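**Q** Here the sequence shown is numbered in this note's numbering, starting from 41 and rising by one per residue.
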Amino acid sequence: MKKHLNTAIRLTLICIVFFSVIYTLAIWGIAQLTPNKGNGEIITRNKQYWYVNIGQRFTEDKYFWSRPSQSNYDASISGGSNKAPSNSDYLAQVQMRIDTFLVHNPSISRSEIPVDIITESGSGLDPDISVKAALIQVNRIAKTRNISIQTLTDLVADCTESRLFDCIGTSKVNVLKLNLALDELGQ
């Protein structure tokens, strides 16, 4: 019994040292190789700052809308909904988002609405939308801001982040960066 107890204590100490010190230092060291040293990307404008990797709320017609958030874009309580796709409350919530989107984008049909513009992500803080979700909003913003559709389409293309190594994931658009670039157009 003493032999097993000694083995268990040694294994516990090794695990504590490995996972509390060595692993933590390894992850921290890898983070130091990233552009912002693991602190995330921060944009500062007019004495305001935003974290690019955390979704922001944009609901005005003059901006590209973000993906919905169950946590109201609060990083301290991030999380998606636990409701199943067949849950009546969830379906009503999605239907309300569809109706709202169609009211603000009357030239769009229901079948054209990308799923990421009416459903939240698992974290509720997704800062990105699909290229399709950005492009489908161009007509509304062009009309609201009196900017040409081509200018906005080019802006979306400029703000599009391509797939990792051109084969992993999907192309996406960071809504915060896109809306800040839109504001820089000055219209």
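Built from N, CA and C at the ideal position, the CB exists for glycine as well. In this text, all values refer to a predicted model and were calculated from it rather than measured experimentally.
In the DSSP assignment, find the unbroken alpha helix (DSSP H) run with N179 in it and report its ends.
**A** By one-based count along the sequence shown, residue 179 stands at place 139. Start and end: V178 to R185.
**Q** Spatial neighbours of T210 within its chain, please: CB distance less than 7 Å, with the 5 preceding and 5 following residues excluded, ordered by chain position.
**A** Taking the sequence shown and counting its residues from 1, the one referred to as residue 210 is at position 170. Hits under 7 Å: S170 and R203.
**Q** So, helix, strand or coil for E84, using DSSP?
**A** Here residue 84 refers to the residue found at position 44 of the sequence shown. The sequence given here has Thr at residue 84, not Glu. Residue state, collapsed to three classes: strand.
**Q** If you run the structure through DSSP and keep just helix, strand and coil, what is D168?
**A** Counting from 1 along the sequence shown, the entry for residue 168 is found at position 128. It is a strand residue.
**Q** By the 10 Å Cβ neighbour count, where 16 or more other Cβ atoms means buried, how is I181 classified, buried or exposed?
**A** Residue 181 sits at position 141 when you count from the first residue of the sequence shown. Classification of I181: buried, given that the 10 Å Cβ count is 16 or more.
**Q** Tell me the residue span of the beta strand (DSSP E) that contains V213.
**A** Your numbering for residue 213 matches position 173 in the sequence shown. It spans K212 to N214 - the beta strand (DSSP E) in which V213 sits, taken as one unbroken run.
**Q** Measure the CB-CB distance between P108 and T140 and report whether it falls below 8 Å.
**A** As a position in the sequence shown, residue 108 is number 68, starting the count at 1. As a position in the sequence shown, residue 140 is number 100, starting the count at 1. No, these two residues do not count as a Cβ contact at 8 Å.
**Q** Where does W105 land, buried or exposed, given buried means 16+ other C-beta within 10 angstroms?
**A** Locating residue 105 in the sequence shown gives position 65, counting from the first residue. Buried, because 16 or more other Cβ atoms sit within 10 Å of the Cβ of W105.
**Q** Just curious, the alpha helix (DSSP H) that I158 is in, first and last residue?
**A** Start at 1 with the first residue of the sequence shown, and residue 158 comes out as number 118. Segment: none, I158 is in no alpha helix (DSSP H) and carries neither H nor E.
**Q** Can you say whether C55 is buried or exposed, counting buried as having 16 or more other CB atoms within 10 angstroms of its CB?
**A** Position 15 of the sequence shown, counting from 1, holds the residue named residue 55. It is exposed - the Cβ of C55 has fewer than 16 other Cβ atoms within 10 Å.
**Q** Under a Cβ-count criterion, where at least 16 other Cβ atoms within 10 Å of its own Cβ denotes burial, should C207 be classed as buried or exposed?
**A** In the sequence shown, the residue the question calls residue 207 occupies position 167. Classification for C207: exposed.
**Q** Pull up the distance between the alpha-carbon of V215 and that of D194, whole angstroms please.
**A** Taking the sequence shown and counting its residues from 1, one reaches residue 215 at position 175. Taking the sequence shown and counting its residues from 1, one reaches residue 194 at position 154. The alpha-carbon atoms of V215 and D194 are separated by roughly 15 Å.
**Q** May I ask which residues mark the beginning and end of the alpha helix (DSSP H) holding F205?
**A** Translated into the one-based positions of the sequence shown, residue 205 becomes position 165. First-last for F205: undefined, no H or E at that position.
**Q** If I measure Cβ to Cβ from Y130 and keep anything under 8 Å in the same chain, skipping five residues before and after, which residues do I get?
**A** As a working note, residue 130 is residue 90 in the sequence shown. For Y130, where only same-chain residues beyond five positions count, the Cβ hits under 8 Å are S121, K123 and A124.
**Q** If you draw a straight line from the C-alpha of A151 to the C-alpha of A48, how long is it?
**A** Sequence index remark: in the sequence shown, residue 151 carries index 111 (1-based). Sequence index remark: in the sequence shown, residue 48 carries index 8 (1-based). The sequence given here has Ser at residue 151, not Ala. When rounded, the distance between both Cα atoms is 60 Å.
**Q** From which residue to which residue does the alpha helix (DSSP H) around F141 run?
**A** Position 101 of the sequence shown, counted from the start, is the residue given in the question as residue 141. Note, F141: alpha helix (DSSP H), S128 to H144.
**Q** With 16 other CB atoms within 10 Å as the buried threshold, where does V61 fall?
**A** The residue labelled residue 61 in the question sits at position 21 within the sequence shown. Exposed, since its Cβ has fewer than 16 Cβ neighbours within 10 Å.
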